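Heads up: the structure comes next, in structure tokens.
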Amino acid sequence: SNSFTIAVDGPAAAGKGTISKAVAAHYGFGHLDTGLLYRAVGAKMMEGVAPVTAAQTLTPEDLAREDLRGPEVAQAASKVAVISEVRAALVDFQRAFARRAGGAVLDGRDIGTVICPYAQVKLFVTASAEVRARRRFLELTAAGKVITLAEVLADVKARDDRDMNRAEAPLKPADDAVLIDTSELSIEEALAKALAVIESRM
Ligand code: C5P
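The numbers in this note's numbering rise by one with no breaks, and the one at position 106 of the sequence shown is 134.
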């Protein structure tokens, strides 16, 4: 097909979402934050729904819930994300999005490795755990959440550990991914690096 797919993977709060949104806006591509799928399943699990059932029956309303951004839902998301039937139930939706006419940016953990191994561009966006925790802490605090930096760092490290060490679709760069370490970069600098890589593949 003639669709153009950009896969953006990396750990929590490395800047994937910000970069993906800006890249999609720049090219007029669609953007799918695949973490939202796992967060929606995690939120349903917290309400007592079996994760596999939740994944198989996910609706657009589930993805539009306003309570998906918090750290409790993030932990629940990374727990349901180790279940292979949960991951399998979410594959078709993500691949269909990737094939949409006009181009697509998908961000997550396994887009370049499992969901879209044929993506024209694969970025692996990373940063030190301390930098990521500080960024997420500032976001959460700005949103009115009462939480300490130490709690956010523990949350980030627990999720990194679960995401990198699971059997199915672990978080890792695809062999042909370009690494962007945003630890010392501003948003503008990180975006410029991403766009330079993409331009070289178009
Ligand atoms: O990206 P975000 O932090 O919202 O993702 C929440 C959790 O969902 C991650 O910690 C990870 O366990 C899971 N996830 C995944 N595969 C993806 C996207 C997210 O396993 N493609």
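Where a beta carbon is used, it is the ideal one built from N, C-alpha and C, also for glycine.
Predicted model only: the values in this text are computed from it and were never measured.
Here's the rule: buried if 16 or more other CB atoms are within 10 angstroms of the residue's CB, otherwise exposed. What is Ile-215? The count along the sequence shown starts at 1 and reaches residue 215 at position 187. Under this definition Ile-215 is an exposed residue.
Checking 8 Å against the spacing of the C-beta atoms, do Ala-205 and Phe-152 come in under that value? As a first step, residue 205 must be located in the sequence shown, where it is residue number 177. As a first step, residue 152 must be located in the sequence shown, where it is residue number 124. Yes, they are a contact pair.
Quick one: is the Cβ of Ser-106 within less than 7 Å of any heavy atom of the ligand C5P? For the purposes of this step, residue 106 is taken as residue 78 along the sequence shown, with counting starting at 1. Indeed, a heavy atom of the ligand C5P lies less than 7 Å from the Cβ.
Which word fits Lys-44, buried or exposed, when buried means at least 16 other C-beta atoms lie within 10 angstroms of its C-beta? Position 16 of the sequence shown holds residue 44. Its Cβ being crowded by 16 or more others within 10 Å, Lys-44 is buried.
What first and last residue would you give for the beta strand (DSSP E) that runs through Leu-199? Numbered from 1 along the sequence shown, position 171 holds the residue referred to as residue 199. For Leu-199, no beta strand (DSSP E) segment is defined, and its DSSP state is neither H nor E.
Of the listed residues Glu-89, Thr-62 and Pro-99, nearest to Met-74 (C-alpha basis): Position 46 of the sequence shown, counted from the start, is the residue given in the question as residue 74. Taking only the C-alpha atoms, the option nearest Met-74 is Pro-99.
Counting only runs that start and end within the segment 134 to 217, where is the beta strand (DSSP E) found for 3 or more residues in a row? Runs of beta strand (DSSP E) with 3 or more residues, each lying fully within the segment 134 to 217, are found at 149 to 154 and 206 to 209, listed in chain order.
Start and end of the beta strand (DSSP E) containing Gly-58? Counted from its first residue, the sequence shown places residue 58 at position 30. DSSP places Gly-58 in the uninterrupted beta strand (DSSP E) bounded by 58 to 61.
Does the ligand C5P have a heavy atom nearer than 7 Å to the CB of Thr-62? Working through the sequence shown from its first residue, we reach residue 62 at position 34. Within the cutoff, so yes.
Pick out whichever of Asp-188, Ala-186, Arg-162 and Lys-185 has its Cα sitting closest to the Cα of Thr-176. Here the question's residue 176 lines up with position 148 in the sequence shown. That would be Arg-162, whose Cα lies nearest to the Cα of Thr-176.
Which residues bound the beta strand (DSSP E) around Ala-35? Along the sequence shown, one-based indexing puts residue 35 at 7. From DSSP, the beta strand (DSSP E) with Ala-35 extends over 33 to 37.
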